[in-house]
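Q:
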Amino acid sequence: MTATAGSGYREGLVDLARGQVSREIFVNDQIYAQEQERLFARAWLFVGHESQIPNPGDFFVSGMGEESVILCRDRPTGQARGLKAHGEIHVFLNSCRHRGMKVCRYDEGNTPVFTCPYHGWSYGTDGKLVGVPYFREAYHSKLDRAQWGLVEVAQLANYKGAIWATWDPAAPSFTEYLGDFARYLDLTLETWDGDDSGVEVLGGIQKWLIPCNWKFPAENFSGDSYHNISHRSVDLVGIGPSGGSGRRDMREREMARRLQVSFYERGHQTGVYVLPQGQPTPPAYAHSPVVSEYFTHCEEQRRRRKGEWGRVIGSPGEVFPNIALHPRQPRTIAVWHPRGAHQTECWRWYFVDKAAPREVKDFLRDYYIRYSGPAGMTEQDDMENWNYAHAASRGVIARRHPYSYEQGQGSEIENYEWQGLRIPGTVMDITEAKSSEHNLRNLYRRWAEFMEAENWDELATWRRNDRDIVRAAE
Amino acid sequence: MSELVNTRALAPGMQIVLVDGAVAEIVSNPLDGVWVFARYLSSPVDPSVVGSEEMIFAQDIAEIRAAP
């Protein structure tokens, strides 16, 4: 097969009508190379959280696709001290403009400047080139330093403390990129009781490599509940926050409607649980009375502030293309950084309410890391699956045979409503069906659109619909 | 020839002599081993820079000036 840009993705490699996706999109190096330009250079990507850089000069080295980037909060440099307000958040390409060396090789810290160790060019935390060795002697003071600052992202958004960025100046704003999916992202980024005190990153960021294509974990977190069988050993051990079998508190889920929600025009998708009207959220976190009381109080406040929407409990989801959400038990965001067609670098952030008591944060840290990350028992199951699924899909024979994505085709519901609560997005109710690949198909639908579209005029299909509505009204 | 100066050891308040004969006082040190921030105390080549603060490249530093 040939992977030429501009044709062959929809109805070819991604055949949603038949519910089939070619293995080539996971293992083909040519397609991988095209993804860097067509997806990662155009989409909005998660970079970090403002709580990681609270002070001027703080930085955190992150990634956007294959690129190393610096998330930082600027501070005065040299003579600029005290002359203007600082503290603005930036995201820069971590690459010297002179010969490309990384200007920051630490994971995080605080600095007045980023200095390239190769030839010594030095940049302020606002990205300006402030130090050029032998500027007078070798450049005769003629180098236009204003033209040679660090490359900055085209757009940056601070959404409820989470920092997102895109390299594409033509991309829609981040809130437009999200659409109504923002309500589901909020389940991860807002405090559990719904007040304005914010969340913060708990501890360090976990980073590790898996020998698989980045779309394996992206698909898994889009709402693949069919694979729960592979977590059965963890469920038998029982790692949940209340004891007994399982890896979470289940009472709230057992009484809820279980839904998969997709946003066709955005490529975002998630699972959610919707509690019955008038039912309080059952108690959880029975291992610790302090934690249990904290969440009981939070749930009461959340219902009061959010009304009927407070009946919604988040489940794994995915912001297109490679940002995984896990709003509750554990509460975390993961980014699946592409590192070649056959390797993924996973980064996982854990979140807690900033104002939560110390005992709550400590309890959650212990629970989170026994669930997720490279040492987490649940994530180890997943990694094993992705690892061997990828390896077994690389051969010339294996590549001839597509994967099946037929579950639940034709059962999607628009304008889904249950007991007075309307659910944004296209919904698959899997309470009785147990499982569906509705959300997974949505990931590949959007993936194929990105791979084929030449620009954001083609990708922002919702704008066309808006125009159609306006025209129809006229 | 003077000893090679370890720029990471330069603390605020210390004085340095530059290769062009200028003298500057360390204001701050980012500890990157390449640059220091310093204020010119004298400059035989360009007296207009005296009093100004600049980033000084490590290889432009000739020596540490003994405390007066």
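For the record, the sequence lines run as chains A and B.
According to the working numbering, the first sequence is numbered sequentially starting from 3.
According to the working numbering, the second sequence is numbered sequentially starting from 16.
Backbone N, C-alpha and C define an ideal beta-carbon position, used for all residues, glycine too.
Just checking: is the beta-carbon of B/Ser-63 within a distance shorter than 8 Å of some beta-carbon in chain A?
A: Nearest CB-CB separation between B/Ser-63 and chain A: not below the 8 Å threshold.
Q: Residues in its own chain within less than 8 Å of A/Ile-415 by CB, not counting five upstream and five downstream?
A: Closer than 8 Å at the Cβ level, and outside the excluded window around A/Ile-415, lie Thr-428, Val-429, Met-430 and Asp-431.
Q: Can you pull the chain B residues whose beta carbon is under 8 Å from the beta carbon of A/Gly-133, in chain order?
A: Val-49, Trp-50, Met-70 and Phe-72
Q: In chain B, what lies closer than 7 Å to A/Ser-143 by C-beta?
A: Going along chain B, no residue has its Cβ under 7 Å from A/Ser-143, so there is no contact; the nearest lies around 12 Å.
Q: Quick one: give me the first and last residue of the alpha helix (DSSP H) that A/Pro-219 is part of.
A: 217-225
Q: Since A/Pro-404 and A/Arg-25 should fall inside the 8 Å C-beta cutoff, what is the C-beta to C-beta distance between them, to a whole number of angstroms?
A: 7 Å
Q: Can you find a C-beta in chain A that's less than 8 Å from the C-beta of B/Ser-43?
A: yes
Q: Give the range of the alpha helix (DSSP H) segment to which A/Leu-187 is assigned.
A: A/Leu-187: member of the alpha helix (DSSP H) spanning 184-191, first to last residue.
Q: Are the C-beta atoms of A/Pro-58 and some chain B residue less than 8 Å apart?
A: no
Q: Can you pull the chain B neighbours of A/Ser-124, defined as C-beta to C-beta under 7 Å?
A: Val-49, Trp-50 and Met-70
Q: Please go through the same chain and pick out, in chain order, the residues whose beta-carbon is closer than 8 Å to the beta-carbon of A/Arg-234, but skip the five residues on each side of it.
A: none
Q: Under a CB-based cut-off of 8 Å, is A/Gly-312 close to chain B?
A: no
Q: Could you spell out where the alpha helix (DSSP H) holding A/Asn-444 opens and where it closes?
A: A/Asn-444 -> alpha helix (DSSP H) spans 440-454.
Q: Look up B/Pro-49 in the DSSP assignment and give the residues it is bridged to.
A: Position check: residue 49 of chain B holds Val in this sequence, whereas Pro was assumed. The partner list for B/Val-49 (beta bridge, DSSP) is empty, contrary to what the question assumes.
Q: Can you give me the Cβ contacts of A/Val-203 inside the same chain, cut-off strictly under 6 Å, excluding the 5 residues immediately before and after it?
A: His-51, Ser-53, Gln-54 and Trp-351
Q: CB-CB under 6 Å to A/Val-362, same chain, minus the five flanking residues each way: which ones, in chain order?
A: Val-293 and Tyr-296
Q: Express the C-alpha separation of A/Gly-133 and B/Ser-43 in angstroms, rounding to a whole number.
A: 15 Å
Q: Where A/Ser-438 and A/Asp-76 are concerned, what is the direct C-alpha to C-alpha distance, given to the nearest angstrom?
A: Rounded to whole angstroms, the separation of the alpha carbons of A/Asp-76 and A/Ser-438 is 46 Å.
Q: Applying the criterion that 16 or more other CB atoms from any shown protein chain within 10 Å of the CB defines a buried residue, is B/Asp-35 buried or exposed?
A: exposed
Q: Throw me the rounded Cβ distance for the A/Gly-21 and A/Ser-264 pair, which I believe falls under 8 Å.
A: About 15 Å; that fails the 8 Å criterion.
Q: Going straight from the alpha carbon of B/Val-49 to that of B/Ala-77, what length do you get?
A: 14 Å
Q: Counting pairs of beta carbons, one from the stretch 245-262 of chain A and one from the stretch 271-278 of chain A, are three or more of them closer than 8 Å?
A: yes
Q: How many angstroms separate the CA atom of A/Lys-162 from the CA atom of A/Ser-199?
A: 10 Å
Q: Would you kindly report the start and end of the unbroken beta strand (DSSP E) that includes A/Gln-36?
A: Element bounds for A/Gln-36: not the beta strand (DSSP E) but the alpha helix (DSSP H), 31-37.
Q: By the DSSP assignment, the alpha helix (DSSP H) with A/Phe-297 in it spans what residues?
A: 291-308
Q: Chain B beta carbons: is any one of them nearer than 8 Å to that of A/Thr-346?
A: no
Q: Taking A/Pro-56 and A/Thr-79 to be in contact with their CB atoms under 8 Å, please state how far apart those CB atoms are, rounded to whole angstroms.
A: About 19 Å; that fails the 8 Å criterion.
Q: For A/Pro-243, return the contacting residues in chain B, with the cut-off set at a CB-CB distance below 8 Å.
A: Ordered by position in chain B, no residue passes the 8 Å Cβ test against A/Pro-243, which lies about 43 Å from the chain.
Q: In whole angstroms, give me the CA-to-CA distance for A/Asn-222 and A/His-289.
A: 29 Å
Q: In chain B, which residues lie with their C-beta within 7 Å of the C-beta of A/Val-23?
A: Here the premise fails: no neighbours, minimum Cβ distance about 48 Å.
Q: Could you check whether the Cβ of A/Pro-219 sits closer than 8 Å to any Cβ belonging to chain B?
A: no
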